[in-house]
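Asker:
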Amino acid sequence: MKITNVNVIVTAPGRNYVLVKVETDQAGLYGWGDATLNGRELAVVALLQDHLAPLLIGRDAGRIEDIWQSIFRGTYWRGGPVMMTALAGIDLALWDIKGKAAGLPVYSLLGGPTRAAALAYRHCDGRDVQEIADNIRAAQAEGFRVFRAQIDVPGSMAFPDPTWVDRTTYSVPFEDAPYLRAIPRMFEALRRELGDEPEILHDVHERLTPIQASLLAAALEPYHPFFLEDPIRPEHKESMRLVRQNSRVPLAMGELFSHRWECLPLITEQLIDYVRVDIAHIGGITEARKIAAIAEAYHVQMAFHGAPDTAPIAHAANVHVDMAIPNFGVQESSIFPPETAEVFTGTPYFENGSLKVTDAPGLGTDVDERAAARFPYRPQEYLPTLRRADGSVQDW
Ligand code: KDG
Ligand code: MG
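Quick note: the sequence shown uses my numbering, first residue 430, plus one each step.
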């Protein structure tokens, strides 16, 4: 089963996606991978087309681990989000091929299902508590049990929504003091409004210093968040010790990590409870299952990043891994722009607040290439930069 062609396409049905099609010498046997890196899409395209695709032609598509190792360790320069997203695109396509060749869904190749479906959380962000509570109630009516709550803090947006972006300055404000006051108040009000049952989490987006993160985590204890996500910046992982020592709320981190070694200190010191790595940014399923296995040994659960900025293919990969691993925690879920339905089939679907994939062979997703061609790349759809009131840059 030799690789005969690697084709990279960029399509923007609502937003930009980078897709990798790996074709083989067996008639009709191909796989699709997702190599979307939000705001840096074309860097990944160039790496795939100019440097990695030529290395793959003629290789045995079934040797996923060997291909992974040869790209990660065998090409000298390694790691980083661009490389690991490109590698994920290839890896996902190869798992898709392996599943199709075997006539089995990928979760079956990973050891078979350990659960019926993947518990999902839904974004219920809002401008104020009332809007968040209304969003949570609406999601509850659909069967959801876990919710993400982000609130707009006046003068200090907690969740920059692309529609709010001032395209001339291309920045949105963030101030830590009002944010730190607003989040405990938000949780308090949500508990008053909704009671204790809904599981509510909050994403800090790496915006706080270690001591601020510790204070916030401690302040949220009475409201038992499901987890507090990315309270500190990802570079100095040891700072998580301070947050851990000073609070008893579950902690989650990892969407900006590129591989298992970045997760290690947080897992082995049990400084987090959920690993949030993004399958499309860590080299794919091959790396995800290893991180999950390391985490399992330390009683840490997996909560794969599932933001809408990757294509339905990566989301399908999330659910296949979630279905198979024993230490699955929760799956972030996304609502895709409606146009994606014209391009993708086999997108994971919701059932009673959980995500499911079908038992179709491979990842179960397919791409209508003609439809994809109708949605050209949208240049410079970047996230805004956050800036403090004095004009200085703040972590996104
Ligand atoms: O590209 C940035 C997004 O992936 C990020 O803002 C989403 O933090 C995120 C999340 O948890 O979904
Ligand atoms: Mg996040």
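C-beta atoms are modelled at their ideal positions from N, C-alpha and C, and glycine is treated no differently.
1) Helix, strand or coil for leucine 812? Go by DSSP, reduced to three states.
2) Below 7 Å, is the gap between the Cβ of aspartate 632 and the nearest heavy atom of the ligand KDG?
3) Alanine 717 and isoleucine 708 - do their beta-carbons sit closer together than 8 Å?
4) Quick one, which of Val672, Arg502 and Gly683 has its alpha-carbon nearest glutamate 664's?
5) Tell me whether valine 822 is buried or exposed, calling it buried when 16 or more other Cβ atoms sit within 10 Å of its Cβ.
6) Are the CB atoms of glutamate 658 and alanine 681 nearer to each other than 8 Å?
7) Roughly how many angstroms lie between the CA atoms of aspartate 738 and proline 510, to the nearest whole one?
8) If you compare alpha carbons, which of Glu810, Leu815 and Thr814 is closest to arginine 827?
9) Nearest by alpha-carbon distance to glycine 540: which of Glu494, Ala753 and Arg705 is it?
10) Report whether the distance from the Cβ of aspartate 824 to the nearest heavy atom of the ligand MG is below 7 Å.
11) Who are the near neighbours of threonine 453 in its chain, counting only those whose CB is closer than 7 Å to its CB and skipping five residues on each side?
12) Just curious, the beta strand (DSSP E) that serine 783 is in, first and last residue?
13) Taking the straight line between their C-alpha atoms, what separation do you get for asparagine 467 and asparagine 445?
14) Please confirm whether any heavy atom of the ligand KDG lies closer than 7 Å to the CB of leucine 812.
15) When burial is assigned at 16 or more other CB atoms within 10 Å of the CB, is isoleucine 486 buried or exposed?
16) Please state if the CB of isoleucine 661 and the CB of phenylalanine 686 are separated by a distance shorter than 8 Å.
17) Quick one: is the Cβ of aspartate 581 within less than 7 Å of any heavy atom of the ligand KDG?
Answerer: In this structure, then:
1) coil
2) yes
3) The answer is yes: Cβ separation under 8 Å.
4) Gly683
5) exposed
6) yes
7) 14 Å
8) Residue 827 is absent from the model: the chain starts at 430 and stops at 825.
9) Ala753
10) no
11) Met430, Lys431, Ile432, Thr433, Tyr459, Ala490 and Ile526
12) 783-785
13) Separation of asparagine 467 and asparagine 445 (C-alpha to C-alpha, rounded to the nearest whole angstrom) is 8 Å.
14) Set against 7 Å, the gap from the CB of leucine 812 to the closest heavy atom of the ligand KDG is smaller.
15) Around the Cβ of isoleucine 486, a 10 Å sphere holds fewer than 16 other Cβ atoms; the residue is exposed.
16) no
17) Look at aspartate 581: its beta carbon is at least 7 Å from all of the heavy atoms in the ligand KDG.
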